[in-house]
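*Asks:* Just so you know, the sequences run in chain order P and H. The first sequence begins at 11 in this note's numbering and counts up one residue at a time. The second sequence begins at 11 in this note's numbering and counts up one residue at a time.
2 protein chains.
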Amino acid sequence: MTRPTVIDIAREAGVSLATVDRVLNARPGVRAKTITAVNEAVARLGYVRDIAAANLARGRSYRMAVLLPDSDSQFTETLASALRDAATLAAASRTEMLLLRYPAEDLHALAAHLAALQADDIAGVALMAPETPVVRDAIRRLRSEGIPVVALGSDLPNTARDHFVGIDSHAAGRTAGTLMGKFCRGLSGQIVVVADSMQLRDSIERRRGFDEVMLERFPSLKVLPTIETHGRAEALHEALAARLDTAGGVVGIYLLGSGHRALAALLRARGELGRHVVIGHELTPHTRAALLAGHLDAVIAQNPGHLARSALRVLRAKAERQPIDEGQERLRIEVVIRENLPPESYTATF
Amino acid sequence: MTRPTVIDIAREAGVSLATVDRVLNARPGVRAKTITAVNEAVARLGYVRDIAAANLARGRSYRMAVLLPDSDSQFTETLASALRDAATLAAASRTEMLLLRYPAEDLHALAAHLAALQADDIAGVALMAPETPVVRDAIRRLRSEGIPVVALGSDLPNTARDHFVGIDSHAAGRTAGTLMGKFCRGLSGQIVVVADSMQLRDSIERRRGFDEVMLERFPSLKVLPTIETHGRAEALHEALAARLDTAGGVVGIYLLGSGHRALAALLRARGELGRHVVIGHELTPHTRAALLAGHLDAVIAQNPGHLARSALRVLRAKAERQPIDEGQERLRIEVVIRENLPPESYTATF
DNA sequence: GCAGAAATGAGGAACGTACCTCAAAAATGG
DNA sequence: CCATTTTTGAGGTACGTTCCTCATTTCTGC
């Protein structure tokens with residue numbers, strides 16, 4: 011009737027409590043045969059470890075370090091705020107978070123932060139960073155000290171990171187491409203692609219996915235070379251105005267990163283607001299406003315709240331050497347249009 | 011440095027442990043002045059009750075009853091399976107689930123199930139059911155006995171349910187409408203709407219949202235009256251074939267419920283597969299296959315795993331009289347196309 | 001078959017909270 | 001000021017697990 015405990019397992023397996031404990035916590039000094047016997051008793055009784063009691067007894071609390079670039083990107087800010095909320099919630103289950111910011115372009119500052127993290131103080135690290143040799147080395151060091159490392163938002167596939175929390179950028183680009191193609195049904199003409207920078211792995215992969223789909227399925231639409239703005243509105247104005255003037259047949263605009271406000275300003279000035287199909291990434295106050303105003307047709311997004319909670323949960327699971335619930339941690343590539351825009355209030359309630 | 015405990019509160023407030031306990035658990039026999047003193051100490055030290063320890067001490071485990079119609083709907087089956095997975099996970103935090111099925115049309119069977127639930131045995135109830143007087147009465151009885159009730163998937167707004175876990179059907183319909191309109195860019199003609207039954211609140215609201223958008227924004231598309239199939243493929247065949255023959259100008263098909271296989275069969279027989287814009291609801295093996303095959307342009311869905319976990323979490327929070335993390339429990343209206351189709355494996359790993 | 005190593009048992013303390021009892025102190029009313 | 005009631009204190013046990021020590025048993029190789 012009632013839930014079986016370790017005592018029941020001990021009785022069922024015909025061993026002592028100490029042995030059950032050794033098996034359950036993978037401590038050394040138990041014969042293979044005994045391990046099997048205990049595991050069979052566990053299976054027979056359907057024993058599930060009471061995590062609450064376990065954590066209580068461990069008396070552990072996990073300090074997780076999260077590293078985020080200190081750019082003025084709205085997505086990063088939203089994520090930072092989501093992380094703080096997630097941390098407040100996670101505090102109830104003995105997980106605390108140390109949120110560190112590094113200047114966006116200063117990878118040595120990042121490396122310095124990572125170098126300062128010690129296994130006796132930090133139980134796990136999540137980071138959003140570009141994949142460079144410096145970062146790779148730092149991650150290798152952390153892993154070698156047994157600190158789990160999770161890539162956040164942007165994957166670091168060629169490092170030894172334990173897990174990636176975020177969406178598949180290539181698939182996100184394909185999704186953007188498909189919507190662009192379908193929204194441009196019956197039209198032929200050119201598609202302008204705007205990015206902050208093509209240095210970041212995300213942008214490259216999105217663009218690759220986008221191009222694939224356009225080429226395969228929407229041959230009447232021609233995708234132009236990427237305009238890189240490096241965050242400067244003027245850069246976007248100049249390059250895009252030139253394209254719009256000369257090309258003549260621009261039907262769609264794909265924003266790989268930010269620049270929604272600058273784009274709206276330019277189009278408004280030209281009296282062309284709402285004339286193109288515009289697709290962007292990430293749900294921020296700017297993209298939200300643009301969706302509501304009808305200047306933006308769709309946003310491909312990942313849920314920052316989910317991202318934040320997932321990062322902390324995965325780190326905790328790794329720290330406790332527990333399995334991960336893949337279904338729960340898998341982030342969806344969300345398609346947001348005006349009609350399914352979630353309510354603004356992202357302020358968690360406590 | 012370390013988290014404050016009840017002992018710290020007692021010291022800080024200058025009272026005994028017993029008094030702190032009385033205040034924290036709202037037990038009687040404490041002067042207002044003392045209550046204030048304790049609460050101030052709590053605030054000063056930033057004390058947060060260790061829920062794990064509290065639950066352990068309480069020795070409580072919550073049995074939640076979940077009621078689902080026993081239809082042959084794939085969505086219901088997927089949800090049932092997601093619920094079982096969620097329950098396995100929730101077992102780790104002392105929450106178990108009793109999954110009850112009732113014959114889809116037999117509301118008296120449902121009422122009988124609900125009537126059998128007693129407060130001493132069941133800590134909460136989640137149910138997916140139409141809103142009828144019988145159901146309303148049963149819910150009122152449960153609530154009056156202090157059992158929290160959560161509407162699952164389909165809301166019961168005129169009952170005293172504590173919470174609704176699911177998406178806003180009206181907004182989902184608007185989302186479907188917008189996509190339909192945009193995917194039909196440049197076309198004019200008719201849109202066929204197919205439903206299992208228009209008795210269910212979900213279908214009605216979806217249709218209402220869909221119509222609103224089509225009327226407002228896509229006047230060149232004319233939405234035809236709903237075809238009700240009551241789950242019978244022949245009904246769909248007859249009614250739809252007639253429409254396709256006579257109307258001539260059918261450009262889009264909107265499936266409010268199931269019927270994807272029957273639709274594909276009909277269109278294939280007529281050699282018209284892929285000629286219309288088709289939009290449906292819920293991600294099931296059938297809609298998944300149709301998306302992959304390209305017979306279905308988009309699916310408006312809610313995540314069954316999220317739905318299941320959310321239902322159990324909300325019930326638990328209600329049972330413990332704890333606040334709900336709105337951000338985490340808010341379900342997104344998902345737009346799924348072939349490119350952002352999540353991987354099939356919905357089998358949780360344990 | 002014996003020494004040494006490996007495996008197991010027995011028992012206890014601790015984690016933070018809930019909940020109980022009984023006694024002592026403080027407040028209250030007359 | 002006394003009797004009565006209300007409030008508070010002190011101390012204990014329990015929840016299920018972790019982790020520790022020390023003793024005992026069982027294996028292993030020679």
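We treat Cβ as the ideally placed atom computed from N, Cα and C, and that holds for glycine. All values reported here derive from a predicted model rather than from experimental measurement.
Classify residue 144 of chain H as helix, strand or coil using the three-state DSSP reduction.
*Replies:* helix
*Asks:* For residue 91 of chain H, tell me which candidate among H:269, H:275, H:323, H:317 has the shortest Cα-Cα distance.
*Replies:* Nearest of H:269, H:275, H:323, H:317 to residue 91 of chain H, Cα basis: H:317.
*Asks:* Given residue 166 of chain H, which residues of its chain have a CB within under 6 Å of its CB, disregarding the five upstream and five downstream residues?
*Replies:* 141
*Asks:* Below 8 Å between beta carbons is the criterion; list the residues of the stretch 59-74 of chain P that meet it against any residue of chain H, in chain order.
*Replies:* 59, 60, 61, 62, 63, 65, 66, 71
*Asks:* Take every Cβ of the stretch 334-342 of chain P, pair it with every Cβ of the stretch 110-126 of chain P, and state whether three or more of those distances are shorter than 8 Å.
*Replies:* no
*Asks:* Could you tell me if residue 120 of chain P is buried or exposed, where buried requires 16 or more neighbouring beta carbons within 10 angstroms of its beta carbon?
*Replies:* buried
*Asks:* Along the chain, where does the alpha helix (DSSP H) containing residue 45 of chain P start, and where does it finish?
*Replies:* 42-55
*Asks:* Sort P:237, P:280, P:47 by Cα distance to residue 266 of chain P and report the nearest one.
*Replies:* P:237
*Asks:* If you follow the beta strand (DSSP E) that residue 3 of chain H is in, where does it begin and where does it stop?
*Replies:* Nothing about residue 3 of chain H can be read from this structure; chain H reaches only from 11 to 360.
*Asks:* Could you tell me the boundaries of the beta strand (DSSP E) in which residue 201 of chain P lies?
*Replies:* 199-205
*Asks:* Nearest-angstrom Cα distance between residue 245 of chain P and residue 261 of chain P?
*Replies:* 21 Å
*Asks:* For a test of the three-state rule: what should DSSP assign to residue 297 of chain H, helix, strand or coil?
*Replies:* Reduced to three states, the DSSP call for residue 297 of chain H is helix.
*Asks:* To the nearest angstrom, how far is the alpha carbon of residue 191 of chain H from that of residue 59 of chain P?
*Replies:* 52 Å
*Asks:* Taking Cβ positions only, does residue 256 of chain H come closer than 8 Å to chain P?
*Replies:* no
*Asks:* What does residue 99 of chain P reach in chain H if we use C-beta pairs closer than 7 Å?
*Replies:* 335
*Asks:* Given a limit of 9 Å on CB to CB distance, which residues of the stretch 320-349 of chain H reach chain P?
*Replies:* Here the close residues are 333, 334, 335, 336, 337, 338, 340, 342, 343, 344, 345, 346, 347, 348, 349.
*Asks:* Run through DSSP, which three-state label would residue 291 of chain P get?
*Replies:* strand
*Asks:* If you run the structure through DSSP and keep just helix, strand and coil, what is residue 223 of chain H?
*Replies:* helix
*Asks:* Is it buried or exposed, residue 277 of chain P, if we count other Cβ atoms within 10 angstroms and call 16 or more buried?
*Replies:* buried
*Asks:* Starting from the C-beta of residue 4 of chain H, find all residues in its chain whose C-beta is less than 6 Å away, skip the five residues before and the five after it, and write them out in chain order.
*Replies:* Residue coverage of chain H in this structure runs from 11 to 360, which leaves residue 4 of chain H outside it and unanswerable.
*Asks:* Beta carbon of residue 300 of chain H, beta carbon of residue 306 of chain H: below 8 Å?
*Replies:* yes
*Asks:* For the structure I just gave you, are there three or more beta carbon pairs, one from the stretch 279-297 of chain P and one from the stretch 79-88 of chain P, closer than 8 Å?
*Replies:* Judged by Cβ distances under 8 Å, the stretch 279-297 of chain P makes contact with the stretch 79-88 of chain P, as three or more pairs qualify.
*Asks:* Here's the rule: buried if 16 or more other CB atoms are within 10 angstroms of the residue's CB, otherwise exposed. What is residue 38 of chain P?
*Replies:* exposed
*Asks:* Can you give the Cα-Cα distance for residue 338 of chain P and residue 319 of chain H, rounded to whole angstroms?
*Replies:* Near 9 Å, if we compare the C-alpha coordinates of residue 319 of chain H and residue 338 of chain P.
*Asks:* Below 8 Å, can you find three or more Cβ-Cβ pairs linking the stretch 29-44 of chain P to the stretch 93-101 of chain P?
*Replies:* no
*Asks:* Leaving out the 5 sequence neighbours to the left and right, which residues in its chain are closer than 7 Å to residue 170 of chain P when beta-carbon positions are compared?
*Replies:* 149, 150, 153
*Asks:* CB-CB under 8 Å to residue 243 of chain H, same chain, minus the five flanking residues each way: which ones, in chain order?
*Replies:* 269, 271, 272, 275
*Asks:* Using three-state DSSP, classify residue 136 of chain H as helix, strand or coil.
*Replies:* Strand at residue 136 of chain H.
*Asks:* Note the first and the last residue of the continuous beta strand (DSSP E) segment covering residue 166 of chain H.
*Replies:* Per DSSP, residue 166 of chain H belongs to no beta strand (DSSP E) and is neither H nor E.
*Asks:* Name the DSSP bridge partner or partners of residue 232 of chain H?
*Replies:* H:200
*Asks:* Using CA atoms only, rank isn't needed, just tell me which of P:247, P:161, P:218, P:281 is closest to residue 138 of chain P.
*Replies:* Looking at P:247, P:161, P:218, P:281, the one whose alpha-carbon comes closest to that of residue 138 of chain P is P:161.
*Asks:* For residue 206 of chain P versus residue 173 of chain P, is the C-beta distance shorter than 8 Å?
*Replies:* No, the pair does not count as a contact, with Cβ atoms beyond the cut-off.
*Asks:* Starting from residue 105 of chain P, follow its DSSP beta bridges and name the residues at the other end.
*Replies:* P:72
*Asks:* Within the 8 Å Cβ cut-off, does residue 95 of chain P reach chain H?
*Replies:* yes
*Asks:* Counting contacts by CB-CB distance shorter than 8 Å, is residue 437 of chain H in contact with chain P?
*Replies:* Missing from the structure shown is residue 437 of chain H; chain H here goes from 11 to 360 and no further.
*Asks:* Give the DSSP bridge partners of residue 155 of chain P, in chain order.
*Replies:* In the DSSP output, where bridge partners are listed per residue, residue 155 of chain P has none listed.
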